[in-house]
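*Asks:* Here it is, the structure, as structure tokens.
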Amino acid sequence: MTSVPELPEVETIRRQLEPRLVGRAIVDAGSHPSPKFTPAIELVGATFEAVRRRGKFLLLGVDDDRELVIHLGMTGRLRPGADFDDPYLRAWWRLDDGATIGFSDVRRFGRIRVAYNHRYDGTLAVLGPEPFDDSFTPDHLYRSLRSSSRHLKTQLLSQRPVAGVGNIYADEACFRAGIHPATRRISRPRATALHEAIVHVLRQGVDNGGTTLRDYLDADGRSGANQHHLHCYGRYGEPCVDCGTVLRRSTIDGRTTTWCPTCQTR
DNA sequence: CATGTCGCCTGCGAGC
DNA sequence: TGCTCGCAGGCGACAT
0 MTSVPELPEV
10 ETIRRQLEPR
20 LVGRAIVDAG
30 SHPSPKFTPA
40 IELVGATFEA
50 VRRRGKFLLL
60 GVDDDRELVI
70 HLGMTGRLRP
80 GADFDDPYLR
90 AWWRLDDGAT
100 IGFSDVRRFG
110 RIRVAYNHRY
120 DGTLAVLGPE
130 PFDDSFTPDH
140 LYRSLRSSSR
150 HLKTQLLSQR
160 PVAGVGNIYA
170 DEACFRAGIH
180 PATRRISRPR
190 ATALHEAIVH
200 VLRQGVDNGG
210 TTLRDYLDAD
220 GRSGANQHHL
230 HCYGRYGEPC
240 VDCGTVLRRS
250 TIDGRTTTWC
260 PTCQTR
């Protein structure tokens, strides 16, 4: 069992960093030599003006429309108080109030870059709507999912139908909606149910301060509480909370997936 | 353009 | 108990 920072975990960190960063200038910075992390030092001298989030990306904006774009990858942690004895410290920033921020990442799947004038590339450039925005509607979800015949789970992980869903919340949302994750064509009523489920599981994740399984800790080094509310993810071999059927596990397009063979239908 | 495959990383659990 | 081996997984590069 592992865990990955998804939207609720990144939002939890965003809320904790915001009051510590806004209005603070960067007086020094350092990074691991990998080009995945060296952009961390590019904004020395600039002042943070906003701490935003898009999907699983943190956008730390400074006063001249540049942004530090940070993705936590699999094992990334971003927190106040850089630990310089941590062998996995990949980047750090020192602020004009003397505080430090550290980015620690065991597996180095995380990534830091600088964006200019809100121009993005890669996944960030094609990200779907934020799940809590008015633009994320059942109709949008239906049309987005119908535009591709890939497995439902794969589409959700692509970040295009909606931003911020990873393996945990994809499984949880499919379970709540009663839809098999390998479905390729979804009906309008089921898209509406899935829309409700996505918003619900992500909102619950945020309200619980994120999910802690093994790797994830929030900006203050605390764990979240959402792992106590998971109905599906990581519970293969255990009984379904709704019907008692043993939950099944397989891979869909290479991603481990858990589902209830009774409650979730194609 | 849509889709599919591979590589990046390293700790750790399964199995012997 | 001690060891090896392969899994886990979001994203981006690349091929078709």
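Positions 0 to 265 (numbering that gives the first Met the number 0) are the ones given, in order, by the first sequence. Virtual Cβ for every residue (Gly too), placed ideally from N, Cα, C.
Ordered along the chain, which non-local residues of its own chain (more than five positions away) have a Cβ less than 8 Å from that of Asp96?
*Replies:* Only Arg23 meet the Cβ criterion.
*Asks:* Using a threshold of 7 Å, state whether the C-beta atoms of Pro137 and Trp258 are closer than that.
*Replies:* No, the Cβ-Cβ distance between Pro137 and Trp258 is not below 7 Å.
*Asks:* Tell me the residue span of the beta strand (DSSP E) that contains Glu48.
*Replies:* 47 to 53
*Asks:* Given a cut-off of 7 Å, decide if Phe56 and Ala90 are closer than it, judged by their beta-carbon atoms.
*Replies:* no
*Asks:* Would you decide whether Ala28 is buried or exposed? Buried here means 16 or more other CB atoms lie within 10 Å of its CB.
*Replies:* buried
*Asks:* With distance defined between alpha-carbon atoms, name the residue in Arg149, Ile111, Glu129 nearest to Gly121.
*Replies:* Ile111
*Asks:* Any idea if Asn116 is buried or exposed, counting beta-carbon neighbours within 10 angstroms, 16 or more meaning buried?
*Replies:* Flag for Asn116 reads exposed.
*Asks:* Can you give me the C-alpha to C-alpha distance between Pro163 and Leu6, rounded to a whole angstrom?
*Replies:* It should be noted that the sequence gives Gly, not Pro, for residue 163. Their backbone Cα atoms lie some 5 Å apart in a straight line.
*Asks:* Buried or exposed: where does Arg142 fall if 16 or more other Cβ atoms within 10 Å of its Cβ makes it buried?
*Replies:* Exposed: under 16 other Cβ atoms inside 10 Å.
*Asks:* CA-CA distance, Phe83 and Ser30?
*Replies:* One C-alpha to the other measures close to 11 Å.
*Asks:* Out of Tyr168, Asp64, Ile167, His199, which one is the CA nearest neighbour of Arg51?
*Replies:* Of Tyr168, Asp64, Ile167, His199, the residue nearest in Cα terms is Asp64.
*Asks:* By how many angstroms is the C-alpha of Val245 removed from the C-alpha of Thr255?
*Replies:* For the pair Thr255 and Val245, the Cα-to-Cα distance works out to about 16 Å.
*Asks:* Helix, strand or coil: which one does DSSP assign to Arg183?
*Replies:* coil
*Asks:* Does Ser148 come out as helix, strand or coil in the three-state DSSP assignment?
*Replies:* coil
*Asks:* Less than 7 Å between the beta carbons of Glu66 and Leu77, yes or no?
*Replies:* no
*Asks:* Please confirm whether Gly177 and Val3 have their CB atoms less than 7 Å apart.
*Replies:* no
*Asks:* Could you check the C-alpha separation between Ser103 and Pro188 for me, to the nearest Å?
*Replies:* Put simply, the backbone Cα of Ser103 is about 43 Å away from that of Pro188.
*Asks:* If you drop the 5 nearest sequence neighbours on each side, which residues of the same chain put their C-beta closer than 8 Å to that of Arg184?
*Replies:* Arg145, Ser148
*Asks:* Among the candidates Asp62, His228, Glu41, Arg14, whose CA atom is the shortest distance from the CA of Phe174?
*Replies:* His228
*Asks:* Once DSSP output is grouped into helix, strand and coil, what is the label at Glu5?
*Replies:* coil
*Asks:* If you draw a straight line from the alpha carbon of Thr261 to that of Leu88, how long is it in whole angstroms?
*Replies:* Near 45 Å, if we compare the C-alpha coordinates of Leu88 and Thr261.
*Asks:* Measuring alpha carbon to alpha carbon, tell me which residue in Leu193, Arg118, Gly80 is nearest Gln154.
*Replies:* The shortest C-alpha separation from Gln154 is found at Leu193.
*Asks:* Of the residues Gly109, Pro32, Ser33, which one's Cα is nearest the Cα of Ile69?
*Replies:* Gly109
*Asks:* Compare the C-alpha of Ile167 against each of Arg234, Arg159, Val61, Val105 and name the closest.
*Replies:* Arg234
*Asks:* Which of helix, strand or coil does DSSP assign to Arg118?
*Replies:* strand
*Asks:* Identify the continuous beta strand (DSSP E) that holds Phe174 and give its terminal residues.
*Replies:* That residue, Phe174, is in no beta strand (DSSP E); its alpha helix (DSSP H) goes 166 to 176.
*Asks:* What do you get for Gly204, buried or exposed, if any count of 16 or more other CB atoms within 10 angstroms of its CB means buried?
*Replies:* buried
*Asks:* Between Ile25 and Cys239, what straight-line distance do the alpha-carbon atoms span, to the nearest angstrom?
*Replies:* 50 Å
*Asks:* Whole angstroms is fine: what's the gap from His230's alpha carbon to Asp170's?
*Replies:* 9 Å
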